[in-house]
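Colleague:
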Amino acid sequence: MIKTILVPIAIAIISILLGLIIGYYFRKNIWEKKAQNAKKNADNILAEAKSQVAATQAEISFQKQAAETLKQSALNIKKEKILEAQEQIQTYRQKVEDELNVKRDLVARDTNRLKQQEDTFEHKNSLLTEKEAELTEKENHFRKQELELKKNIKVVTDLVDQTKEKLYEVAQLSKDQAQKLVLTQLSDELVKERAEMIKDSNEEIRVKADHYARKIIIDAIQSSSADTVAETTVSVVNLPNEEMKGRIIGREGRNIRSFEALTGVDLIIDDTPKVVTLSGFDAIRREVAKRAMERLVKDGRIHPARIEEMVDKARKEVNDDIYEAGESALMELGIHRMNPELVKILGRLKYRTSYGQNVLGHSIEVAKLAGAMAAELGLNEKLAVRAGLLHDIGKAIDHDIEGSHVEIGVELTRKYHESDVVVNAIAAHHGDVPKLSFIAELVVAADTISSARPGARSESLENYIRRLTELEQIAKRYDGVDQAYAIQAGREVRVMVKPDKISDDRITVLAHDIRKQVEKELDYPGNIKITVIREKRVVAVAR
Numbered sequence: 022m023i024k025t026i027l028v029p030i031a032i033a034i035i036s037i038l039l040g041l042i043i044g045y046y047f048r049k050n051i052w053e054k055k056a057q058n059a060k061k062n063a064d065n066i067l068a069e070a071k072s073q074v075a076a077t078q079a080e081i082s083f084q085k086q087a088a089e090t091l092k093q094s095a096l097n098i099k100k101e102k103i104l105e106a107q108e109q110i111q112t113y114r115q116k117v118e119d120e121l122n123v124k125r126d127l128v129a130r131d132t133n134r135l136k137q138q139e140d141t142f143e144h145k146n147s148l149l150t151e152k153e154a155e156l157t158e159k160e161n162h163f164r165k166q167e168l169e170l171k172k173n174i175k176v177v178t179d180l181v182d183q184t185k186e187k188l189y190e191v192a193q194l195s196k197d198q199a200q201k202l203v204l205t206q207l208s209d210e211l212v213k214e215r216a217e218m219i220k221d222s223n224e225e226i227r228v229k230a231d232h233y234a235r236k237i238i239i240d241a242i243q244s245s246s247a248d249t250v251a252e253t254t255v256s257v258v259n260l261p262n263e264e265m266k267g268r269i270i271g272r273e274g275r276n277i278r279s280f281e282a283l284t285g286v287d288l289i290i291d292d293t294p295k296v297v298t299l300s301g302f303d304a305i306r307r308e309v310a311k312r313a314m315e316r317l318v319k320d321g322r323i324h325p326a327r328i329e330e331m332v333d334k335a336r337k338e339v340n341d342d343i344y345e346a347g348e349s350a351l352m353e354l355g356i357h358r359m360n361p362e363l364v365k366i367l368g369r370l371k372y373r374t375s376y377g378q379n380v381l382g383h384s385i386e387v388a389k390l391a392g393a394m395a396a397e398l399g400l401n402e403k404l405a406v407r408a409g410l411l412h413d414i415g416k417a418i419d420h421d422i423e424g425s426h427v428e429i430g431v432e433l434t435r436k437y438h439e440s441d442v443v444v445n446a447i448a449a450h451h452g453d454v455p456k457l458s459f460i461a462e463l464v465v466a467a468d469t470i471s472s473a474r475p476g477a478r479s480e481s482l483e484n485y486i487r488r489l490t491e492l493e494q495i496a497k498r499y500d501g502v503d504q505a506y507a508i509q510a511g512r513e514v515r516v517m518v519k520p521d522k523i524s525d526d527r528i529t530v531l532a533h534d535i536r537k538q539v540e541k542e543l544d545y546p547g548n549i550k551i552t553v554i555r556e557k558r559v560v561a562v563a564r
């Protein structure tokens, strides 16, 4: 029974053990296969990982190389930008330094001008102090004289009273009649004395005229503004851009100094955009400077040597234009022979104006008018044309030579052997000397027509007529004036007086009074000549 039970148990235990052994080996084989597979997979993964690592390393190496390349490019760009910025900074710094140098020069000029004005004011102040002391001394002296005069007046008054009583007794006149007689005599004596005083004063004024005129002109130039003058003494040159101003100024202002020294014209560079201004009283110098500046701006190369070259070319061109202008005037008027130097001086009138009227155009017009009138009167037409053309020749160089344009014109025409008729016409066209020929009279008439016609000069017709009317009315206000006529385009007024009311001595006083009234009430260009005429005529008719 027990065996029967143990045998199956043993069999079962053996079966279990065999099953365990078989299962162990079976699982062992499975595990070994799994291990081999896992090893194979691990090898594949390791190989793939190695290949990926190699690719990654290659990519990293490429990226490093690319990064180095980019870094080097960035450094190069950075260097270029830094250099460009440094160049811009240097250019801007140079521009600022140039502007500062120009402003320093302007400040220095203003400082020198202010110093000169201060010295002038100090000198004037010292003169005023001296004059004040002199006036104080004279005032004390006059006070002493006043006291003495009061004493003398009292004595004279007593003597006059006594003299009056004796005169009444001797002359057998009433008091009113005696006073009237004395006042009439005193009036005539005072008029005579006043005329003599005016003559003496005129002589003294003529002696001191030059000195006082220069002093007054210098004071006026120092104290007056140049707004009016600037309208006719400047030329404007347009620029392509604002950078050109820096080139024109140059380093430390050397270009502008060289330009001004070569042309004799002031170069003004201000805040006006794309513009520089040339200032100078001589129109020819201004024209040379303008042409030279336009050439320099167009060329773009601006330095002292180039400036000198362009100024020489511009001066030669202007000289050629001047001579051509003179020749054109001669051809237009049919004048065939004239000294070449005189032709050149005549051409300079192209750049000269008088009251806004071009002097060369005015001279040609005067020549045509004089020639036409001479032809109508049967006189020498060619001589009249020649005299009319040359009548203002002195204005071409009156800025360079001392003297009036009439005196300069006379000297020039004599120097270049013009005829005596032409010389006299030039000398007499403003009434300074007597006219010795009918040609001179025609030149005066033609000059008056050309300059006084409405629109010829910078004066409206209404202003012109009003000025002449006021001039005549001022003269007619005075007692004893019969007629007054404004002639020579308002440059002269002739006053006819009644001879029975105004004596010869009185006309000097009258001319003086009219002159003072004209200066006080009228504004006029140039000078106005007052001529007072006293003429007594007796007419008898035989029947």
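Just so we're aligned: the sequence shown equals residues 22 to 564 in our numbering. Glycine included, every Cβ here is placed at the ideal spot set by N, Cα and C.
Residues in its own chain within less than 7 angstroms of residue 304 by CB, not counting five upstream and five downstream?
Modeller: Around residue 304: 372 and 373.
Colleague: Residue 533: which of 358, 550 and 494 sits nearest, CA to CA?
Modeller: Measuring from the Cα of residue 533, the nearest candidate turns out to be 550.
Colleague: Tell me residue 508's beta-bridge partners as DSSP assigns them.
Modeller: Answer by DSSP bridge pairing, in chain order: 513.
Colleague: Of the residues 545, 502 and 561, which one's Cα is nearest the Cα of residue 552?
Modeller: Among 545, 502 and 561, the Cα nearest to that of residue 552 is on 502.
Colleague: Can you confirm whether the segment 465-473 touches the segment 384-402 when touching is taken to mean that 3 or more C-beta pairs between the two stretches lie within less than 8 angstroms?
Modeller: A contact exists between the segment 384-402 and the segment 465-473.
Colleague: Considering only the alpha carbon of each residue, which of 258, 265 and 267 lies closest to residue 15?
Modeller: The structure shown does not extend to residue 15, since the chain spans only 22 to 564, so no value can be given for it.
Colleague: Return the residue from the list 542, 519, 511 and 360 that minimises the CA-CA distance to residue 440.
Modeller: Taking only the C-alpha atoms, the option nearest residue 440 is 360.
Colleague: My understanding is that residue 293 touches residue 313, with C-beta atoms under 8 angstroms, so please give their C-beta distance in whole angstroms.
Modeller: About 20 angstroms; that fails the 8 angstroms criterion.
Colleague: For a minimum of 4 consecutive residues, which ranges assigned as the alpha helix (DSSP H) are wholly contained in the segment 268-293?
Modeller: Runs found: 275-284.
Colleague: Please report the distance separating the alpha-carbon of residue 26 from that of residue 34.
Modeller: Looking at the two C-alpha atoms, the distance is approximately 12 angstroms.
Colleague: Buried or exposed for residue 331, please, with buried defined as at least 16 other CB atoms from any protein chain shown within 10 angstroms of its CB.
Modeller: That one is buried.
Colleague: Buried or exposed: which applies to residue 169, given that a residue is buried once 16 or more other Cβ atoms fall within 10 Å of its Cβ?
Modeller: Label assigned to residue 169: exposed.
Colleague: Measuring straight from C-alpha to C-alpha, what distance separates residue 351 and residue 267?
Modeller: The straight-line gap from Cα to Cα measures roughly 45 angstroms.
Colleague: Distance check for residue 100 and residue 247, CA to CA, integer angstroms please.
Modeller: Because the pLDDT at residue 247 is just 34, under 50, the model does not fix this residue reliably, and the value given afterwards should be weighed accordingly. If I take the Cα positions, the gap works out to 54 angstroms.
Colleague: Inspect the CB distances between the segment 400-415 and the segment 379-386 and report whether three or more fall short of 8 angstroms.
Modeller: These segments touch.
Colleague: From which residue to which residue does the alpha helix (DSSP H) around residue 555 run?
Modeller: Taken as a continuous stretch (DSSP letters only), residue 555 belongs to no alpha helix (DSSP H), being part of the beta strand (DSSP E) at 550-555.
Colleague: What separation, rounded to the nearest whole angstrom, lies between the Cα atoms of residue 335 and residue 514?
Modeller: Between residue 335 and residue 514, the C-alpha separation is close to 47 angstroms.
Colleague: Quick one: Cα of residue 115 to Cα of residue 337, how far?
Modeller: Cα-Cα distance, rounded: 35 angstroms.
Colleague: By the three-class DSSP mapping on this structure, what secondary structure does residue 400 have?
Modeller: Correct three-state label for residue 400: coil.
Colleague: Do residue 431 and residue 418 have their beta-carbon atoms positioned less than 9 angstroms apart in this structure?
Modeller: Contact: no.
Colleague: What are the boundary residues of the beta strand (DSSP E) that includes residue 255?
Modeller: Its beta strand (DSSP E) spans residues 255-259.
Colleague: Quick check: residue 271 and residue 119, are their CB atoms within less than 9 angstroms of each other?
Modeller: Cβ distance < 9 angstroms, so residue 271 and residue 119 count as in contact.
Colleague: If I measure Cβ to Cβ from residue 556 and keep anything under 8 angstroms in the same chain, skipping five residues before and after, which residues do I get?
Modeller: Only 517 and 520 meet the Cβ criterion.
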